[in-house]
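To start, the structure under review is shown below, and the notes come after it.
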Amino acid sequence: FSGVLAQDVLQVLLELQERLAGIEAWAPQAGRNVTLRDVCYAPLNPTEPTLGDCCVNSVTQYFQNNHSRLALTALQKDGKETGTVDWHDHLIYCVNSPLSFKDITALELSCMAEYGGP
């Protein structure tokens with residue numbers, strides 16, 4: 001992995017997404033500030049969505065938009081060999097099995113997005 005698929009780039013991407021999700025704009029017709037929650041597609045909670053309910057398509061969704069999950073590592077034994085698994089292994093698994101609720105690595109992370117969908 002290199003370029004845009006580097007952990008530091010993904011962490012910065014996640015920070016940018018968080019800043020964008022926090023933007024408010026004055027809507028004169030509504031007479032109030034509006035946020036992403038007011039305009040997002042939230043298929044599993046359309047009536048009262050939180051930011052986490054909004055369907056935002058991003059590679060960081062494989063980590064439920066969570067900095068800690070993106071930074072996780074774990075020791076995994078494969079036969080007689082022991083190695084470290086990390087975000088690379090989880091991402092590869094999820095790209096091939098996006099509907100999984102738990103990957104097959106020692107991380108045991110879900111591939112489902114923060115909003116609950118694939």
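Numbering of the sequence shown is given in UniProt numbering, commencing with residue 1 and proceeding in unit increments. Note that beta-carbon positions come from the ideal geometry of N, C-alpha and C, so glycine has one too. All values derive from a computational prediction rather than experimental measurement.
- Sequence-distant Cβ neighbours of proline 49 in its own chain, meaning closer than 7 Å and more than five residues away, are Arg37, Cys40 and Ala42.
- Annotated three-state conformation of valine 59 is helix, per DSSP.
- Proximity to threonine 73 across Leu14, Gly31, Trp87 and Val56 peaks at Trp87, based on C-alpha coordinates.
- Pairing alanine 21 with leucine 51 gives a Cβ-Cβ distance under 7 Å.
- Asparagine 33 carries a strand assignment under DSSP once its states are collapsed to helix, strand and coil.
- DSSP places valine 85 in the uninterrupted beta strand (DSSP E) bounded by 81-85.
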